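S.K.: Have a look at this one before I ask anything.
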Amino acid sequence: MTVDAAAVAARWAVVRAEVDAAARAAGRDPAEVTIVAVSKLHPAAAVIAAVAAGAGDVGENYAQELVAKQDEVGGAAPGLRWHFIGRLQRNKARMVVGRAALIHAVDGLELAAEIDKRARTAGVVQDVLVAVNTGGEAQKTGVEPGEAPALLAAIGGLAHVRCVGLMTMPPWPEHAEDSRPYFQALRRVRDELVAGGAALPHLSMGTTGDFAVAIAEGATLVRVGTAIFGARPAPAP
Ligand SMILES: Cc1ncc(COP(=O)(O)O)c(C=O)c1O
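All residue numbers for the sequence shown refer to the numbering used here, where the first residue is 1019 and numbers rise by one.
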């Protein structure tokens, strides 16, 4: 698959400018907002094009794809931070632990314990986010908002997992504003946990259609794919 590196660079510049503008409009420092360029289903060459344009963080949804692409990109992008943003099956945790700078969607203690076990073996402490299903959709990953404190407390007992924030994926928005209540819900969960003494600096929320709203509501990590890489190719049959 050929990659139009100039088009990726141009789109990256637009997204970075929009992210910076959204941060300033919210009275925030643009440096507080990291763009995770979601490269799911796009080839390694697209990742390299995004890095050349300024991206320092990329996101993948599938464990095998993360491993293969990270190996392929390799030395072409030293220092690039890879994020695992998809639902992680327990039996795939060992593939991702240590490779991902941040695992965004921990949705239960069994997965957290598996990550802890794999991280201990690898001699690392794995940073994670707890996924919260703010929209209550059956097909979406994440714990119910009311379950987050107990999961956070349990993760606190794992020596090789460190929870640094929360993530959410709201119902598909027809308009960007549709996502606002879900982003506000995530922030409320975070604020309550912080009031109880937790250190949770990160909120991962916002995609191509609604990242400006997410930034207004406090996102520190926006996961943007289509606006940077164009439409995702169909998965291999
Ligand atoms: C969890 C998650 N976040 C963000 C994205 C990026 O979405 P978009 O291409 O609309 O920016 C995806 C895409 O699959 C995703 O699964």
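Just so you know, even glycine gets a beta-carbon here, dropped at the ideal spot from N, CA and C. Just so we're clear, the structure is a prediction, and the values are computed from it rather than from any experiment.
1) Less than 7 angstroms separating the Cβ of residue 1227 from some heavy atom of ligand 1?
2) DSSP state of residue 1133, grouped into three classes?
3) In whole angstroms, give me the CA-to-CA distance for residue 1200 and residue 1186.
4) Using DSSP with H/G/I as helix, E/B as strand and the rest coil, what is residue 1042?
5) Check whether the stretch 1134-1154 and the stretch 1172-1188 are in contact - that is, three or more C-beta pairs closer than 8 angstroms.
6) Just list the residues that DSSP pairs residue 1148 with in beta bridges.
7) Would you say the beta carbon of residue 1025 comes nearer than 7 angstroms to a heavy atom of ligand 1?
8) Hey, would you say residue 1147 sits closer than 8 angstroms to residue 1170, going by beta carbons?
9) For ligand 1, is there any heavy atom lying closer than 7 angstroms to the beta carbon of residue 1103?
10) Short check: CB of residue 1152 to CB of residue 1125, under 8 angstroms?
11) For residue 1022 and residue 1197, I'd like the C-alpha separation in whole angstroms.
12) Evaluate residue 1075 with the Cβ neighbour count: other Cβ atoms within 10 Å of its Cβ, from every protein chain shown; 16 or more gives buried, anything less gives exposed.
13) With burial defined as no fewer than 16 other Cβ atoms inside 10 Å of the residue's Cβ, what is the status of residue 1225: buried or exposed?
14) Does DSSP put residue 1053 in a helix, in a strand, or in coil?
15) Grab the span of the beta strand (DSSP E) containing residue 1078 for me, first residue to last.
16) Check the C-beta distance from residue 1030 over to residue 1072 and give it rounded, since I have them as a contact under 8 angstroms.
17) Spatial neighbours of residue 1051 within its chain, please: CB distance less than 7 angstroms, with the 5 preceding and 5 following residues excluded, ordered by chain position.
M.R.: According to the structure shown:
1) Locating residue 1227 in the sequence shown gives position 209, counting from the first residue. Checking every heavy atom of ligand 1 against the Cβ of residue 1227, one is found closer than 7 angstroms.
2) What you label residue 1133 is simply residue 115 of the sequence shown in a count that begins at 1. Note: residue 1133 maps to helix in three-state DSSP.
3) As a first step, residue 1200 must be located in the sequence shown, where it is residue number 182. As a first step, residue 1186 must be located in the sequence shown, where it is residue number 168. One C-alpha to the other measures close to 8 angstroms.
4) The count along the sequence shown starts at 1 and reaches residue 1042 at position 24. If DSSP states are grouped into helix, strand and coil, residue 1042 belongs with the helices.
5) yes
6) Counting from 1 along the sequence shown, the entry for residue 1148 is found at position 130. DSSP output for residue 1148 lists 1124 and 1184 as bridge partner(s).
7) Counted from its first residue, the sequence shown places residue 1025 at position 7. No, ligand 1 has no heavy atom inside 7 angstroms of this Cβ.
8) Residue 1147 sits at position 129 when you count from the first residue of the sequence shown. Residue 1170 sits at position 152 when you count from the first residue of the sequence shown. Contact: no.
9) As a position in the sequence shown, residue 1103 is number 85, starting the count at 1. Yes; taking the cut-off as 7 angstroms, the Cβ of residue 1103 has a heavy atom of ligand 1 nearer than that.
10) In the sequence shown, residue 1152 corresponds to position 134, counting from 1. In the sequence shown, residue 1125 corresponds to position 107, counting from 1. Not in contact: residue 1152 and residue 1125 (Cβ atoms no closer than 8 angstroms).
11) For the purposes of this step, residue 1022 is identified with residue 4 of the sequence shown, where counting begins at 1. For the purposes of this step, residue 1197 is identified with residue 179 of the sequence shown, where counting begins at 1. So the two alpha carbons sit approximately 31 angstroms from each other.
12) The count along the sequence shown starts at 1 and reaches residue 1075 at position 57. Buried, because 16 or more other Cβ atoms sit within 10 Å of the Cβ of residue 1075.
13) For the purposes of this step, residue 1225 is identified with residue 207 of the sequence shown, where counting begins at 1. So residue 1225 counts as buried.
14) For this step, residue 1053 is matched to residue 35 along the sequence shown. Strand.
15) In the sequence shown, counting from the first residue as 1, residue 1078 sits at position 60. Residues 1075-1078.
16) Your numbering for residue 1030 matches position 12 in the sequence shown. Your numbering for residue 1072 matches position 54 in the sequence shown. Right, the Cβ-Cβ distance comes to about 6 angstroms (below 8 angstroms), so this counts as a contact.
17) One-based indexing of the sequence shown puts residue 1051 at position 33. Only 1037, 1041, 1233, 1237, 1238 and 1240 meet the Cβ criterion.
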